[in-house]
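Heads up, the thing below is written out as structure tokens.
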Amino acid sequence: MRIYVAQLNPIIGDIEGNCVKILEAIHKAKDQQADVVLFSELVLTGYPPDDFLLMPKFIYAAEDALKTLAQSVYDIVAIIGAPRESHTPVGKPLHNSAVVISNGKVVGYQDKILLPTYDVFDERRYFEPGGQTSLWHIAGKQVAITICEDIWEHSEQIFFDRYARDPVMELRQTSQRPDVLLNLSASPYSVLKAPLRTYALEKAAKALHCPAILCNQVGGNDSLIFDGRSIAVNAKGALVYRALGFAEDGFVVDIDDMPPKISLHEGDVLEELYNALVMGVRDYFSKQGFITACLGLSGGIDSALVACIAVDALGKENVLGISMPSRYSSPGSITDAQALADNLGIRLLNVPIDSSYGNFLSLLEKDFQGRPFDVTEENLQSRIRGIILMSYSNKFGYVVLNTGNKSELAMGYATLYGDMCGGLGVISDLSKRRVYALAEWINRDKEVIPKSTIDKPPSAELRENQKDSDSLPDYDYIDIVLEQYLEKHRSPEAIILEYRIPPEIVHDIVKRIHRSEYKRRQSAPGLRVTERAFSIGRKFPIVQRWVK
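The sequence shown maps to residues 141 to 688 in this note's numbering.
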């Protein structure tokens with residue numbers, strides 16, 4: 141049996157456009173003499189469609205599209221991810237299904253059994269769990285079909301849910317052994333997720349003593365990034381093929397000829413991370429019809445990294461940098477911003493804010509008289525810059541790219557309606573340490589980001605001789621606590637004991653994380669690259685008294 145794995149980048153809600161992609165993949169599969177073409181989870185609607193699933197017209201459109209698709213499927217079997225009505229009197233009205241199409245008609249469905257409700261997932265909001273596992277007789281083989289989560293329980297890698305069922309073991313206990321396991325996935329990217337996904341498929345293959353093939357979605361959808369990297373393993377769990385990461389791809393696997401062909405070497409984690417962010421920006425723009433972006437170039441490392449990502453995602457001709465120096469901007473920062481713009485080949489506008497800042501100070505002088513310079517005057521500069529960026533956005537149609545990082549967002553070290561403005565938070569899920577690591581990676585062959593930008597102590601430059609360390613704990617401490625407390629849910633006491641960080645610093649960081657929740661609720665949507673991003677998958681109340 142020859143199986144074509146169609147790794148596509150669907151657009152959520154573009155059912156007609158997704159059908160075109162599906163039909164093109166079916167034609168490619170037939171050209172390569174495939175018996176089966178396998179697609180990703182909910183490829184027809186794009187994943188995740190969220191509350192579109194609550195709209196009957198949306199479901200009807202998907203059903204009509206499937207009927208139309210079926211009429212074009214001959215001489216091959218297509219397995220397509222789509223929602224469908226459950227037609228049961230109780231429970232949720234929909235199933236998350238693999239639709240099996242052959243000879244011009246829908247011949248059946250395999251419904252997803254395990255519905256995740258942790259992290260970024262909320263599938264029990266919409267779907268009813270599937271019933272029994274079945275084997276499908278296709279091209280003379282017994283084929284088992286599962287959907288994403290259905291193989292993860294068996295791998296024991298689910299840390300937030302444990303299910304009462306294990307579809308892999310249920311398949312193992314059927315009277316007839318499957319000849320191949322097929323899995324339709326929409327498994328989001330996060331750092332080092334790919335080897336876990338491979339391990340889950342490997343465990344399933346070994347349990348069932350048969351080859352296993354996983355087709356994963358690729359592309360950026362709002363905050364979520366899907367890396368693709370669809371995989372095929374043989375009956376011993378050895379990796380036979382892996383599709384491209386962060387790009388559409390397709391490959392054929394002959395399940396009767398599956399010697400191991402590639403190693404499990406995952407490559408450069410920083411390169412992978414950078415590619416994920418580039419694709420996230422590119423798809424955010426292209427799927428909405430946006431073309432051009434602008435951002436404030438301060439001469440700092442965060443805006444420098446965002447500019448590099450934007451240029452690779454959109455092209456240098458579509459990125460505008462805006463330098464907005466004040467009386468506190470150092471000469472080095474101004475020249476660093478220009479050097480970066482020159483290195484990237486982007487246009488840089490110089491819009492000094494000092495006169496506007498002076499006007500605001502004069503306007504407020506009467507009521508502020510006798511009160512010392514503080515964060516009010518600092519934030520005023522940031523808000524002026526936000527007004528300028530949004531003005532260029534409104535006048536010329538630029539999307540403002542937010543340049544704040546995860547460490548700053550965690551600490552609330554950002555100004556509402558100032559540097560927090562923007563249409564997309566490009567690096568909002570990158571800790572400060574990862575920002576520096578990516579900057580060094582970008583400069584691995586030649587200096588793109590000025591070395592002086594990387595070497596100088598980080599500063600918002602909103603008062604004389606300001607440094608971030610004046611207001612924040614050391615970033616090394618912040619980032620350790622972020623990783624352990626935020627992403628792994630470890631207690632402050634455990635962090636103190638293991639990392640020997642002074643207790644008062646750990647408790648202060650934790651307190652700041654929760655105290656800044658109200659700010660983050662008003663921030664731009666951000667690209668998710670870790671298991672715990674502020675933009676999606678993390679739910680904490682603003683008003684609360686549990687900070688321990």
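From the three backbone atoms N, C-alpha and C, an ideal C-beta is built for every residue, glycine too.
F508 - containing alpha helix (DSSP H), residue span:
Secondary structure note for F508: its alpha helix (DSSP H) is the uninterrupted segment 494-508.
Span of the beta strand (DSSP E), counted from its first residue to its last, around T286
281-287
Of the residues G472, L364, P400, I441, the one placed nearest M419, counting alpha carbons only:
For the residues G472, L364, P400, I441, the minimum Cα distance to M419 belongs to L364.
Beta-carbon spacing of G270, I253 below 7 Å:
yes
Name the DSSP beta bridge partners of N356, please?
Partner(s): S325.
Rounded to the nearest angstrom, what separates T475 and L445 at their Cα positions?
16 Å
Separation of A577 from D408, as counted between CA atoms:
12 Å
At the level of alpha carbons, what is the spacing between K572 and D442?
8 Å
Within 10 Å of its beta-carbon, does G157 have 16 or more other beta-carbons around it, so buried, or fewer, so exposed?
exposed
Which residues in the same chain as A352 place their Cβ atom closer than 6 Å to its Cβ, once the five residues preceding and following it in sequence are excluded?
Here the set comprises L321, L341, A344, A345, V373.
Please classify S690: does DSSP put it in a helix, a strand, or coil?
Any property of residue 690 remains undetermined from this structure, which presents the chain solely from 141 to 688.
Express the C-alpha separation of A600 and T257 in angstroms, rounding to a whole number.
39 Å
Distance between I649 and R142 (C-alpha atoms, nearest Å)
55 Å
Give the list of continuous beta strand (DSSP E) stretches no shorter than 3 residues that lie fully inside the stretch 217-266.
217-225, 234-242, 245-251
Under 7 Å between C-beta atoms of R685 and I676:
Cβ atoms of R685 and I676: not closer than 7 Å.
Cβ-based neighbour list, G244, same chain, cut-off 7 Å, excluding 5 preceding and 5 following
A210, Q211, V213, Y214
Quick test of the definition: if touching needs 3 or more C-beta pairs under 8 Å, does the stretch 378-386 touch the stretch 153-172?
no
Per DSSP, cross-strand counterpart(s) of N490:
S463
Shortest alpha-carbon distance to W581 belongs to which of V393, V246, N415?
Its Cα nearest to that of W581, the residue N415 stands out among V393, V246, N415.
Rounded to the nearest angstrom, what separates L454 and M530 at their Cα positions?
19 Å
Between the alpha carbons of F500 and N534, how many angstroms are there, rounded?
23 Å
Rounded to whole angstroms, what's the CA-CA distance from G221 to N519? Just pull it up for me.
48 Å
Among A673, G153, K591, A146, which has the Cα closest to the Cα of H167?
A146
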